[in-house]
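Undergrad:
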Amino acid sequence: MLAYRKRYGGCYKNYLELFKQNRNLLFVDLKIIQQKEFRKLVQHAIDKSLFYRKLYANIQNVTDLNNIQSLPIVNKEMFRKNINQVYTVGKKNGILSKTGGTTGKSLEVLFTFENMQERFAMLDDFRLRFGYKLGRKTAWFSGKNLLTIKDVKKNRFWKIDHWYNVRYYSTFHIKEAYLHYYIENLIKFEPEYLVGFPSSILEIAKFGLKNKYAFPENTVKAIFPTAETVTSEMRNCIELFFKSKMYDQYASSEGAPFILECTKGNLHLELQSGVFEVLDDNNAPCKKGRLVVTSFTTYGTPLIRYDIGDSIELSDANCTCGNNNPLVKKILGRIDDYVYSPEAGKINLGNISNTLKDTKGIVIFQVHQNALDTLDIEIIIDEQLFTKEIEKIFIKNWRDRVGIKMNINLNYVKVIDIEKSGKYRMVKNNIKHLI
Ligand SMILES: [Zn+2]
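As structure tokens, this is what we get:
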């Protein structure tokens, strides 16, 4: 209940109303809002964050959006080293976001309550365009470990929230032998909306198509994926089985500004939520390159010219949906990957990155799977923060996901190789042909 109050209390209603009103703003008006919000955020960062005050000490006109290119680009590594100087609020007055998204690097950011409410309002306004609101019949595929041993024994892979009409399905038990329980329960439940990890929804859809289950027509109104990149193959398969459209969104756990898909199937950069820069290797603006973001809902841990580790490709096209925010052709984000446990099935990137939950001092890790029953995890630690206790928590987080039978080897290393493309991969699965 506390979580609901944090998200939907305070300023939530005002923001929701504002975003509803602003849906069809002209491009020039969106730019005016963006300039104003940029000025406010940068001024706040200088006033309240020692990290930014030092960083901008010798720069003129820092609060002017036209001058954004003179501000240094920051990244996860810089944040990790200086995070206590970046924060503008204490842990008691903020909401801690503990995971590092799907990048495998751990980072703890603090949100103010108001920013959290603003973010939920913006996301809810996006979903509201497809008729969704709290209380509608929803199947949720979340990253939380929901089930007890008794639930699993009884083949009950979900928890029911009667109050909000939500059925939470476990994404920890997506295994061939269990999938028919999921499907039969979903068919009986007849959800209007599906929300959550697309990789889990995909496994259910694939199983359903293969085994000729017929999902009832005109039941699901929209599918909202979270946390992972959706490929067109994933989308086709899911839409085919559930007989509904999927509407994607981009937002990371560290609080990136939003990219939202509209009713026409186009991705819009929401300028009210931040500044999006697409830069080449020399930090010059380009059409297709690294995404560097400034996010207006990060007053607790300001993201200003933050290199988020994803790439996007911009589009010149206009959209006829009424939203005048510019379009993205493609989010060339995180690679779709997983590890496989004979006991628990496929474990997706979202759940893998959540193994960092409640840990400290894990700089980065990479999982190698070269055998069905073994995972080799390379891990770089910060020796000042990492302890034996944290190792235990990390292993337990893995056990929650892969089960008790797999061999898990931790190898402490100094370097983890990046790909030829320059991208770091969290998972290297070499046994996909065996699954
Ligand atoms: Zn549109």
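Residue 559 is where the sequence shown starts when you use our numbering, and the numbers rise one by one after that. We put the beta carbon where it would ideally sit given N, CA and C, even for glycine. These figures come from a predicted structure and were not determined experimentally.
Where Gly658 and Asp916 are concerned, what is the direct C-alpha to C-alpha distance, given to the nearest angstrom?
TA: Sequence index remark: in the sequence shown, residue 658 carries index 100 (1-based). Sequence index remark: in the sequence shown, residue 916 carries index 358 (1-based). In this prediction, Gly658 has a pLDDT of 49, which is less than 50 and means its spatial position is unreliable; what the coordinates show is noted afterwards. Cα to Cα, Gly658 sits roughly 12 Å from Asp916.
Undergrad: Considering just the uninterrupted stretch of the beta strand (DSSP E) at Pro605, what are its terminal residues?
TA: Here residue 605 refers to the residue found at position 47 when the sequence shown is read from its first residue. Just to set this straight, residue 605 is Asp in the shown sequence, not Pro. Element bounds for Asp605: not the beta strand (DSSP E) but the alpha helix (DSSP H), 585-606.
Undergrad: Roughly how many angstroms lie between the CA atoms of Ile939 and Ile951, to the nearest whole one?
TA: Position 381 of the sequence shown, counting from 1, holds the residue named residue 939. Position 393 of the sequence shown, counting from 1, holds the residue named residue 951. Using only the alpha carbons, I get a separation of about 14 Å.
Undergrad: From which residue to which residue does the alpha helix (DSSP H) around Ser943 run?
TA: The count along the sequence shown starts at 1 and reaches residue 943 at position 385. The displayed chain sequence assigns Leu, not Ser, to residue 943. It is not in any alpha helix (DSSP H) - Leu943 carries neither H nor E in the DSSP assignment.
Undergrad: Which residues mark the beginning and the end of the beta strand (DSSP E) in which Lys717 is found?
TA: Locating residue 717 in the sequence shown gives position 159, where the first residue counts as 1. Unbroken beta strand (DSSP E) run through Lys717: 716-719.
Undergrad: Please report the Cβ distance between Phe585 and Ala679, rounded to the nearest whole angstrom; I am assuming they are in contact, meaning their Cβ atoms lie under 8 Å.
TA: One-based indexing of the sequence shown puts residue 585 at position 27. One-based indexing of the sequence shown puts residue 679 at position 121. Going by Cβ atoms, the distance from Phe585 to Ala679 rounds to 22 Å, so no, they are not a contact pair.
Undergrad: Look at the Cβ atom of Asn988, then the Cβ atom of Gln924, and state whether they are nearer than 8 Å.
TA: Residue numbering aside, residue 988 sits at position 430 when the sequence shown is read from its first letter. Residue numbering aside, residue 924 sits at position 366 when the sequence shown is read from its first letter. No, these two residues do not count as a Cβ contact at 8 Å.
Undergrad: DSSP three-state label for Pro783, please.
TA: Position 225 of the sequence shown holds residue 783. Residue state, collapsed to three classes: strand.
Undergrad: Could you tell me the alpha carbon to alpha carbon distance between Ile762 and Pro843, rounded to whole angstroms?
TA: The sequence position of residue 762 within the sequence shown is 204, counting from 1. The sequence position of residue 843 within the sequence shown is 285, counting from 1. One C-alpha to the other measures close to 41 Å.
Undergrad: Assuming Gly858 and Val647 are in contact, meaning their beta carbons sit under 8 Å apart, how far apart are those beta carbons, in whole angstroms?
TA: Along the sequence shown, one-based indexing puts residue 858 at 300. Along the sequence shown, one-based indexing puts residue 647 at 89. Going by Cβ atoms, the distance from Gly858 to Val647 rounds to 5 Å, so yes, they are a contact pair.
Undergrad: Distance check for Ile937 and Tyr739, CA to CA, integer angstroms please.
TA: Counting from one through the sequence shown, the residue named residue 739 turns up at place 181. Counting from one through the sequence shown, the residue named residue 937 turns up at place 379. One C-alpha to the other measures close to 36 Å.
Undergrad: Using a Cβ-Cβ cut-off of 6 Å (strictly less than) and excluding sequence neighbours within five positions of Asn906, which residues of its own chain qualify?
TA: Here residue 906 is taken as the residue at index 348 of the sequence shown, counted from 1. Excluding sequence neighbours, Asn906 sits near Phe755, Ser757, Tyr896.
Undergrad: In chain order, which alpha helix (DSSP H) runs of at least 4 residues are fully inside the region 878-928?
TA: Counting only runs of 4 or more, we get 907-911.
Undergrad: State the beta-bridge partners of Asn624 as determined by DSSP.
TA: In the sequence shown, counting from the first residue as 1, residue 624 sits at position 66. None, per the DSSP bridge assignment.
Undergrad: Give the single residue among Asn640, Gly847, Lys846, Ile741 whose Cα lies nearest to the Cα of Gly766.
TA: To locate residue 766, count along the sequence shown from 1; it is residue 208. Selected option, being the one with the closest Cα: Ile741.
Undergrad: Return helix, strand or coil for Val971, following the three-state DSSP convention.
TA: Taking the sequence shown and counting its residues from 1, the one referred to as residue 971 is at position 413. Three-state DSSP puts Val971 in coil, outside helix and strand.
Undergrad: Using a 10 Å radius around the Cβ and a threshold of 16 neighbouring Cβ atoms, would you call Met984 buried or exposed?
TA: Here residue 984 refers to the residue found at position 426 when the sequence shown is read from its first residue. So Met984 counts as buried.
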